[in-house]
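Novice: Each residue of the sequence shown is one higher than the last, beginning at 1 in full-length UniProt numbering. A virtual CB, placed ideally from N, CA and C, is assigned to each residue, including glycine.
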Amino acid sequence: MTSRPVIDDLSSFWMPFTANRQFKAAPRLLASAKGMYYRTTDGRELLDGSAGLWCVNAGHARDEIVAAIAQQAATLDYAPPFQMGHPLAFEAAARVAELMPAGLDRIFFTNSGSESVDTALKIALAYHRARGEGQRTKLIGRERGYHGVGFGGISVGGIVANRKAFSGQLLPAVDHLPHTHDLEHNAFSKGQPAFGAHLADDLERLVTLHDASTIAAVIVEPVAGSTGVLVPPQGYLQRLREICTKHGILLIFDEVITGFGRLGKATASEYFGVTPDILTMAKAINNAAVPMGGVAASRAVHDTIVNSGAPGAIELFHGYTYSAHPLAAAACVATLDLYRREGLFERAHALAPKFEAAAHALRDAKHVKDIRNLGLVCGIELESRSGAPGARAYEAFLKCFEAGVLIRFTGDILAFSPPLIVSEEQIERIFDTVRNALAAVQ
Ligand SMILES: Cc1ncc(COP(=O)(O)O)c(C=O)c1O
1 MTSRPVIDDL
11 SSFWMPFTAN
21 RQFKAAPRLL
31 ASAKGMYYRT
41 TDGRELLDGS
51 AGLWCVNAGH
61 ARDEIVAAIA
71 QQAATLDYAP
81 PFQMGHPLAF
91 EAAARVAELM
101 PAGLDRIFFT
111 NSGSESVDTA
121 LKIALAYHRA
131 RGEGQRTKLI
141 GRERGYHGVG
151 FGGISVGGIV
161 ANRKAFSGQL
171 LPAVDHLPHT
181 HDLEHNAFSK
191 GQPAFGAHLA
201 DDLERLVTLH
211 DASTIAAVIV
221 EPVAGSTGVL
231 VPPQGYLQRL
241 REICTKHGIL
251 LIFDEVITGF
261 GRLGKATASE
271 YFGVTPDILT
281 MAKAINNAAV
291 PMGGVAASRA
301 VHDTIVNSGA
311 PGAIELFHGY
321 TYSAHPLAAA
331 ACVATLDLYR
341 REGLFERAHA
351 LAPKFEAAAH
361 ALRDAKHVKD
371 IRNLGLVCGI
381 ELESRSGAPG
391 ARAYEAFLKC
401 FEAGVLIRFT
411 GDILAFSPPL
421 IVSEEQIERI
431 FDTVRNALAA
441 VQ
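1) Measure the CB-CB distance between Met-100 and Leu-338 and report whether it falls below 8 Å.
2) Using DSSP with H/G/I as helix, E/B as strand and the rest coil, what is Ser-116?
3) Can you check which of these residues, Ile-65, Gly-113 and Ala-324, is closest to Ala-92 by C-alpha distance?
4) Under the criterion of a Cβ to heavy atom distance below 7 Å, does Val-223 qualify as lining ligand 1?
5) So, helix, strand or coil for Val-220, using DSSP?
6) List the endpoints of the continuous beta strand (DSSP E) containing Glu-45.
7) Would you report the Cα separation of Ala-97 and Met-292, rounded to the nearest angstrom?
8) From which residue to which residue does the alpha helix (DSSP H) around Gly-293 run?
9) Just verifying my parser: in three-state terms, what is the DSSP assignment at Asp-432?
10) When you measure from the CB of Asp-254 to every non-hydrogen atom of ligand 3, does any distance come out below 7 Å?
11) Give a single yes or no on whether Ala-79 has its beta carbon closer than 7 Å to a heavy atom of ligand 1.
12) With Asp-202 as the anchor, note down where its alpha helix (DSSP H) starts and where it stops.
13) Quick check: is any heavy atom of ligand 1 less than 7 Å from the C-beta of Ser-112?
14) Below 8 Å between beta carbons: does that hold for Ala-328 and Cys-55?
15) Which residue comes first and which comes last in the alpha helix (DSSP H) that contains Leu-344?
16) With a cut-off of 8 Å on the beta carbons, I'd call Ser-226 and Tyr-146 a contact; round off their distance for me.
17) How long is the line joining the alpha carbons of Ser-298 and Gly-49, rounded to whole angstroms?
18) On the criterion of 16 or more Cβ atoms from any shown chain inside 10 Å, does Asn-286 qualify as buried, or is it exposed?
19) Where Asp-182 and Ser-189 are concerned, what is the direct C-alpha to C-alpha distance, given to the nearest angstrom?
20) On a Cα-Cα basis, can you pick out the residue from Glu-133, Pro-172, Asp-8 and Gly-134 that is closest to Phe-151?
21) Is Leu-420 near Asn-57, with beta carbons less than 8 Å apart?
22) Going by Cα to Cα distance, which pick from Arg-142, Ala-25 and Leu-121 is closest to Leu-316?
23) Within 10 angstroms of its Cβ, does Ile-252 collect 16 or more other Cβ (buried), or is it exposed?
24) So, with DSSP's three-state summary, where would you put Ala-247?
25) Following a CB-centred definition, is Val-368 positioned closer than 7 Å to any heavy atom of ligand 1?
26) Taking its Cβ as the centre, do 16 or more other Cβ atoms sit within 10 Å of Val-306, making it buried, or is it exposed?
27) Could you tell me if the beta carbon of Gly-158 falls within a distance shorter than 7 Å of some heavy atom in ligand 1?
28) Going straight from the alpha carbon of Met-1 to that of Ile-219, what length do you get?
29) Can you find a heavy atom of ligand 1 that lies under 7 Å from the Cβ of His-210?
30) Please report the straight-line C-alpha distance between Phe-108 and Phe-90, rounded to a whole angstrom.
31) Going straight from the alpha carbon of Leu-10 to that of Glu-395, what length do you get?
32) Using a Cβ-Cβ cut-off of 8 Å (strictly less than) and excluding sequence neighbours within five positions of Val-174, which residues of its own chain qualify?
33) Within 10 angstroms of its Cβ, does Ile-7 collect 16 or more other Cβ (buried), or is it exposed?
34) With H, G and I counted as helix, E and B as strand and the rest as coil, what does DSSP make of Phe-23?
35) Have a look at the DSSP bridge pairing and note the partners of Gly-379.
36) Per DSSP, which one or two residues make a beta bridge with residue 449?
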């Protein structure tokens, strides 16, 4: 394989969610990837402890997915999705639907998690309007929620840094539930924390405040990822479901991270036994090989919207040039085949106790304030350095990178979500590297 020369001038690319000046002064560039490893442009191997960005669940550059994309590119490179179709779009939708919770088998394709979220919010509004309750326009998100970067997503999201520069123009009719992070009661929980189901009852307060007849939907991540891995308290999601059902409010699960095996099941909904009305997905839907996202809607939601249109009329004025792009759809079908053939969701389930034990073995490591985990996802929260929040986690991330392990960090929380093909030895190596990194940072 020939490799391209490394470019000297990094100034043109304005990098997303990156400290551009800091990065460009000391860049970390990836050249290739295979299986559990990246290779950097200076030839170093990096063990992938984060599945890219929580998305490469089957491991990198899998032959079957690469072949499916190549073949599709040569056969049908692009097909317009408006008033035209191509067979793989329908096959991919049917295959995704098979993995969704019972009844959520109508799939709308997008190109990212952010688009999936905005699509889901629009579907919720369109649903209530179609059934004659168009006054239900309020959307309820949650503090510390991450729902991507569209205006809809940051409005229902609850991460201050993502909102404050845009705060004058967020969606107007939004409120937020409290987050569930409570180290006083739940520090070092293994799996779901015992304390906090009552926090779902705050939805009743919001219903009293706004009146149910004005509220369209509640959106939450079943396990919050980007904000630092917040596992829902036992009974919390069940309670949210009950309250939504009682008041005719749609429940949206944002499963952009939890979908496709991260918890050892196809969805978090399946894992927790709680079925939303709408479910958003992206990332591992096609192993992140081509940008793709999707929204699964219940039959009731879909049929209400689709059956309300006049015959011959477009029912939902929404979609993307690249919805169900042929390369993304080909990668999706090949990825879902791979997940099934290799039993990767079951593998994640089987590895979860080992992963949990390896993570919690760091309880006595330097700077560690909390460790939390579920399935193959884990967060390690560090004591912040006085006057420099986030610095310690960044330095630990750099030390791990130098030692050949890629992890994520957000604020002072380290996050782990390896591909589901990770071995027990690789799990040990990831957490051993973190222990050494933490010992070395101030
Ligand atoms: C729960 C959740 N929703 C939405 C998104 C946004 O996805 P994207 O970056 O593909 O737009 C993310 C990304 O991490 C996510 O974790």
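Specialist: Answer, in terms of the structure:
1) no
2) helix
3) Ala-324
4) no
5) strand
6) 45–48
7) 15 Å
8) It is not in any alpha helix (DSSP H) - Gly-293 instead sits in the beta strand (DSSP E) that spans 293–297.
9) helix
10) Summarising the ligand content, the structure contains ligand 1 and does not contain ligand 3.
11) no
12) 202–210
13) yes
14) no
15) 344–360
16) 4 Å
17) 34 Å
18) buried
19) 11 Å
20) Pro-172
21) yes
22) Leu-121
23) buried
24) In the sequence as displayed, the identity of residue 247 is His instead of Ala. Note: His-247 maps to helix in three-state DSSP.
25) no
26) exposed
27) no
28) Below a pLDDT of 50, predicted positions are generally treated as unreliable, and Met-1, at 48, falls in that range; no measurement from the model is reported.
29) no
30) 10 Å
31) 22 Å
32) Lys-138, Leu-139, Ile-140, Gly-141, Ser-155 and Val-156
33) exposed
34) helix
35) Arg-372 and Ala-415
36) Lying outside 1 to 442, the shown extent of the chain, residue 449 is not represented and no answer is given.
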